[in-house]
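K.L.:
Provided herewith is a single structure, encoded as structure tokens, for subsequent inquiry.
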Amino acid sequence: GYDATDELLRRAPDLTAVVAANDTVALGACAALRDKGLRIPDDVSVAGFDDLPFSIDAVPALTTVRLPLHEAGARAGRIAMSKEKPPPGGVATVHGELMVRGSTAGPR
């Protein structure tokens, strides 16, 4: 996250948001932004994906997407063991929840 954000800032120094593949990468992005003197979320918003337990303890707390992974895994197990019918077309949708916290601000 750190190195990728550093490169991103070289290419687009006026960026206003970073959406990372996961929370760990997002925290690396936050570190790179801070090292460049940018404030989160005043200058750049940052969001992650997976709502790891440490995300709420970050400063500022990280906006992230929470997925019901336990529920999805249990359903996959039931389908694999023929205890539940597979979804039509064999593809199930997992609904996530956006956990809006202190690392994001309105559009600029």
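Counted the way this note's numbering counts, the sequence shown spans residues 674 to 781.
For every residue, glycine included, the Cβ atom is placed at its ideal position computed from N, Cα and C.
Quick caveat: nothing in here was measured; it's all calculated off a predicted structure.
(1) Within its chain, find whatever has a CB closer than 6 Å to the CB of G775; leave out the 5 residues flanking it on each side and keep chain order.
(2) Along the chain, where does the beta strand (DSSP E) that runs through A690 open and close?
(3) Which same chain residues end up closer than 6 Å to C703 when comparing Cβ atoms and leaving out the 5 residues on each side of it in sequence?
(4) Examine the Cβ distances between the stretch 747-755 and the stretch 717-731 and report whether three or more of them are shorter than 8 Å.
(5) The alpha helix (DSSP H) with N748 in it runs from where to where?
(6) List the DSSP bridge partners of T678.
(7) Would you mind working out which of G779, M772, E744 sits nearest T766, comparing C-alpha positions?
(8) Can you give me the Cβ contacts of L742 inside the same chain, cut-off strictly under 6 Å, excluding the 5 residues immediately before and after it?
(9) Flag R748 as yes if its beta-carbon sits less than 9 Å from any beta-carbon of chain C, otherwise no.
(10) Enumerate in chain order the residues of its own chain whose CB-to-CB distance from V692 is below 6 Å, with the five nearest sequence positions on each side excluded.
P.N.:
To lay it out plainly:
(1) P733, A734
(2) 690-692
(3) I713, V719
(4) no
(5) This sequence places Arg at residue 748; Asn is not what is there. Its alpha helix (DSSP H) spans residues 742-753.
(6) None; T678 has no bridge partner.
(7) E744
(8) none
(9) Among the protein chains of the structure shown there is no chain C, as only one such chain exists.
(10) A720
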